[in-house]
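Here the structure comes first, spelled out in structure tokens, and everything after it is commentary.
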Amino acid sequence: MTMTVFGLCGAALVGIGLYGLIVQAQPLRRILAFNLLGGGVFLLFGVIARRGAVEGLGSDPVPQAMVITGIVVAFSATALAISLVVRLKETGRGDDEGSA
Amino acid sequence: MSLLLDIASVVAIAGGAFFFLAGTVGLLRFPDTLSRLHALTKADTLGLGLIVLGLLPTVDSVLTGAKLVAIWLLVQLAGASVAQLIARAARQDRPQGVPQDGPPP
Amino acid sequence: MTAGIAVDIGLAALVAAMALWTILVRDAYAAVIGFIGYGLLLALVWVRLDAVDVALTEAAIGGGVTGVLLLRAVGALHRGAAPLEDGPPPGPATRRIAALACAAVAAGLAFVVLGVSGPAPTLAPLAAEHLPATGLKNPVTGVLLAFRALDTLLEKVVLLLALIGIWSLSPDGAWGGRPTLGRPGRASDTLRFLAQLLPPVGIVVGIHVLWVGANAPGGAFQGGAVLAAMWILAMMAGLSPVPAIGRPWLRAALVIGPLAFLAVGVAGIFIADGFLAYPPAFAKPLILAIEAAITLSIAVTLAMMVAGPPQRPGAP
Amino acid sequence: MPAAALDPGLLLVLAVMLPATGAVAALALPGRWAGRIAFGLWPLGLAVAVAVAWTVWAAGAPLHYAVGGWAPPLGLMLRADGPSALMLLVAAIVIGAAGLYARADLRPEPGATESRAAVVFWTLLMALWSALNAVALGGDLFNLYVALELLTFSAIPLVCLGGSAKTLQAALRYLVFALVGSVLYLLGTALLYGAYGTLDIVLLSGRAGPEPAAILACALMIAGLAAKTALFPLHLWLPPAHAGAPPAASAVLSGLVVKASFFLIVRLWFDVMPGLSTAAAANLIGALGAGAILAGSVMALRQARLKLMIAYSTVAQIGYLFLMVPLLFGVPQAEIAANAAWSGGWLQLASHALAKAAMFLAAGLIAEAAGHDRIHGLDGVGRAVPVAVLAFTLAGLSLVGLPPSGGFAAKWLLLSAAVATGQWWWAVVMILGGLLAAFYLFPVIGRAYADGTAAFARPRDARSREFVVLALAVAAALLGLSQLYPPGLLRIGLGSGLAGAGVP
């Protein structure tokens, strides 16, 4: 039952994240949507891991390890994307004043 | 004896939960940043304190109990400091308006 | 068991509601707050799924450090001038079609993930069987540092690359200089007080999380994130200067984790069964040594990522 | 164990870890070391690639290595079959050429200790090489996800190395596409793990059947990878990103990076789920490929700037790769590797990598000589950089598909496969694509050799850079003669031994 509830939740998060990616125009909001989408994918991994529980292990450790790796990669992506957006805003301003 | 402790635990935890609820309602219902902060931090500190108090009789080792108390102290420290910082920011930013969805004061 | 189910349903509904709020709310600042709340709730979901290692990672990295990053970004992007837009927002018809398509994808996923019958395939027994060879008791650490160590090693490189990518966004004159974190010289007394009181506790917690990771939930990522948070706090409060990115000690701290990992991996060719293999007698101390080095590198990398590209020339 | 040290499978570890170590070391040392490390490593990496190809070919079977001694499904397996060996070789050659070219481009100003562009470029170039090799050799779908991310993170900052608002915008758009592509790919791996309990390619190919989980997973992964490959209509991010990067970076991005995600599509389609493909899906992928050829060529024809034209040409040339899918549909698994379309596809991948890298580098020299890259202002640029224009012309032969170039041989093989299977419509598209390529390339070449009044300056270090570009272009032009020597290399893999290789 726990797995059904969170499986539905994960699937819904994927849908919500995808929707946000399509309808949002601001880069920061897209980054948020990407993270929601990623969270949904990780949650599906988690449900699959929980389903793979055996005697003595509450959850299959292999997908758990993949999710940990994935969270760190998603963080790296978020940090890089945010720096790009911030730099883009600074540069856009700089160009207007300077080069033209 | 253990029954009495159990009852005390339940009462304390329920009381803690009530204060959390009250704090959350305050956060949602109060009109401006400062009073929202007031509701949130006061209620949460008390609420968490009661919950920790209620959990203490149920722990099986002194170390776990110490960890629970440490959590309460850390949350208090963080909550108080952050409340200070937010209040300061709210006062400084008042002219431009704080990002909030309530009506302007 | 019904109380547990009620908690699960409530939690799942809250997570989904927070996600929707993050997407739909008009104000970007409110969206970021919604996202941070979502990250913290998600950590609770991981506890309910019996994946405490992931819960710690999600709370520390997904909710915590990402939150700091996003708050800084929303401050920089949505203050003053109009925010950047990549094209006009789509009209109502597009939105409706997109909503339908996304709902279909979600439904398909739910059908596929939940529609499996029969025994679920799992590697848990295999992992449990081979775990003693690593000397560890936490199977997740075993997967990360032994069975799938190549993933973890490459992901360390990914983390460093992202930092190089962020640094590459500095203005030409500022390369080698310092990033700015907070408003230098303007930190409030409260922040300074917090930054003096919290780090000693946080450092103990971070090292504890690393140390127990061998046997209980915890490990290098989670411990590193806590240490990073402490350093960020100290830098924001102005108690510890933000280092110039060219500082040799900084560079050494960044690479020591991956290099130690690599060195042990290569040594495995000669003293064990091959690249990234551990000799059974020394597996646990070697893994702990790697984890300690990685924790330091992760802490420094995460903190520098939050600090962003260098903005002003460093001290000579 | 001394025996383990002699395991030829360690070559695969070297191919991935050698450049990665270089990238990490470059970060630790002072900036001027980054370039030196890259140049020190390059011959070693090339030697490893040659050794892998030689070992695979001589043994006639894939090479494999279980990392850490943990066999799949618990551990990770690195595997090299014929196509992987080809990828390693092409990557080593193009990376080397880009590096030699960039050495003159990025030489630090006298007195400066560490220049931003140089340090970033060399570090990322090594990381990118490691990622490409990891994609070519990865045997586990999640390990391949990490490799793909490694590739993304090394490619994105290269796009905006110049730092202008335009390139930042291009990099941001690229990042969004790449991240969404990876997340869809990751979603697919989750579904596959949930259904089959392994992500090892060989184990999966034995277990996966036409079930909803496998089909949805495959669709999601291929869609994600197609976005990363810039398959039409998901190509919009590519032209600004590839055209805005510095020449050496464009060469690597256009020549190699987009091929990595294509490589994984082939792995999925032919290795993981050979039983899953349906005619409709194969034809859809073929139709998108055909759309890419036509739309990319027409857009290239309409560009006024040289680098943008070359970038749109990449969109078109990627389309040819995807024609492999419908042309090989229905061919029995054991006969795929012997099919003309199979060698044609891989030959197209290799020759486009060489030709497009040569073309971007030549365009870099031309733009440097002219001070701009507007096509109508290039009359007579051939006098300033004659060898670069010659290289551009030779690379153009390969893109158009004239003999004896690699592009000719590739398109000939694909055409004959189309005729042999009676799918003449793909043949029409290919011929049209060749004609359009001639229409957009020859006017540029004509202008370069024409008389012009504009004054062109010879770029600094032009001689050494022109030599590099010419060598690449000659390699692309002569690739057709070789038909990919050694013979039979590409047949190693599918049906000949990858199945079963390295599985306990």
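Residue numbers (full-length UniProt numbering), protein chains in the order written: chain A, 1 to 100; chain B, 1 to 105; chain C, 1 to 316; chain D, 1 to 504. From the three backbone atoms N, C-alpha and C, an ideal C-beta is built for every residue, glycine too. Only a predicted model underlies this, so the values are computations on that prediction, with no experimental measurement involved.
For D:Tyr65, no alpha helix (DSSP H) segment is defined; the enclosing uninterrupted segment is the beta strand (DSSP E) at 63-66. C:Ser297 places its beta carbon less than 8 Å from that of C:Val255. Under the criterion of beta carbons closer than 8 Å, D:Ala363 and D:Pro247 qualify as touching, at roughly 7 Å.
For D:Ser398 and D:Ala476, the gap between their C-alpha atoms comes out near 7 Å. Interface annotation for the region 48-71 of chain A against chain D: Ile48, Arg51, Gly52, Val62, Pro63, Met66, Thr69, Gly70, criterion Cβ-Cβ distance under 8 Å. Going by beta carbons, D:Gly493 and D:Pro8 fall outside the 8 Å limit.
The beta carbon of B:Gln92 does not come within 8 Å of any beta carbon belonging to chain C, so the residue lies off that interface. When C-beta distances to chain D are compared with 7 Å, the residues of the region 16-39 of chain A below that value are Leu21, Pro27, Arg30, Phe34, Leu37, Gly38, in chain order. DSSP, reduced to helix, strand and coil, places C:Asp151 within a helical segment of the structure shown. C:Gly223 and C:Trp175 have their C-alpha atoms spaced approximately 30 Å apart. Taken atom to atom, the span from the alpha-carbon of B:Leu21 to that of A:Gly70 is near 35 Å. Here D:Met273 has Ala208, Ala214, Cys218 as same chain residues with Cβ atoms under 7 Å from its own Cβ, once five neighbours each way along the sequence are excluded. Not a single CB atom of chain A sits nearer than 8 Å to the CB of D:Ile201. Among the residues facing chain D, C:Phe147 is included, as its CB has a counterpart in that chain under 8 Å away. Taken in chain order, the whole alpha helix (DSSP H) runs of length 4 or more contained in the UniProt domain "MrpA C-terminal/MbhD" (13-78) of chain C are 28-48, 52-57, 66-77. Between the alpha carbons of D:Gly45 and D:Leu18 lies a distance of about 7 Å. Look at the beta carbons and you see the region 252-266 of chain D not touching the region 296-303 of chain D: under three pairs across the two are nearer than 8 Å. Inclusion of C:Ala187 and C:Met236 in the CB contact set at 8 Å is warranted, their separation being smaller than that value.
Distances from the alpha-carbon of D:Glu149 to those of D:Ala338, D:Leu132, D:Gly22, D:Ser164 put D:Leu132 closest.
Fewer than three Cβ pairs drawn from the region 452-460 of chain D and the region 317-325 of chain D lie within less than 8 Å of each other, which leaves the two stretches out of contact. Under a 10 Å Cβ-count criterion, C:Glu58 is classified as buried, with 16 or more other Cβ atoms of the shown protein chains found around its own Cβ. Nearest C-alpha to D:Trp70 among C:Leu145, C:Ala214, C:Phe261, C:Gly118: C:Leu145. By the neighbour-count definition (other C-beta atoms within 10 Å, threshold 16), B:Asp6 is an exposed residue. In the three-state reduction of the DSSP assignment, D:Arg79 falls in the strand class. Contact residues of the region 59-83 of chain D toward chain C are Val67, Gly68, Gly69, Trp70, Pro73, Leu74, Gly75, Leu76 (C-beta to C-beta distance below 7 Å). Residues of the region 22-47 of chain C whose Cβ lies closer than 9 Å to any Cβ of chain A, in chain order: Thr22, Ile23, Leu24, Ala28, Ala31, Val32, Gly34, Phe35, Tyr38, Gly39, Leu42, Val45, Trp46. Within 8 Å of the CB of C:Ser188, the CB atoms of chain B belong to Gln84, Leu85, Arg88, in sequence order along the chain. Taken residue by residue, none of the region 225-237 of chain C has a beta-carbon sitting less than 7 Å from a beta-carbon on chain A.
In terms of Cα proximity to C:Ile61, the closest of A:Phe45, A:Gly58, A:Phe75 is A:Phe75. The DSSP-derived three-state label of D:Gly480 is helix.
Here DSSP, grouped into helix, strand and coil, assigns D:Gly138 to strand. B:Ser61 is outside the set of residues whose beta carbon lies under 8 Å from a beta carbon in chain C. Annotation: D:Glu211 has no Cβ neighbours in chain A at a cutoff of 9 Å; minimum Cβ distance is about 15 Å.
No Cβ-Cβ contact shorter than 8 Å links C:Ala19 with C:Val25. Within the region 143-164 of chain D, the residues whose Cβ lies closer than 9 Å to any Cβ of chain A are, in chain order, Tyr145, Val146, Glu149, Thr152, Phe153, Ile156, Pro157, Cys160, Gly163, Ser164. Ranking D:Leu128, D:Ala282, D:Ala388, D:Ala104 by CA distance to the CA of D:Gln423 puts D:Ala282 first.
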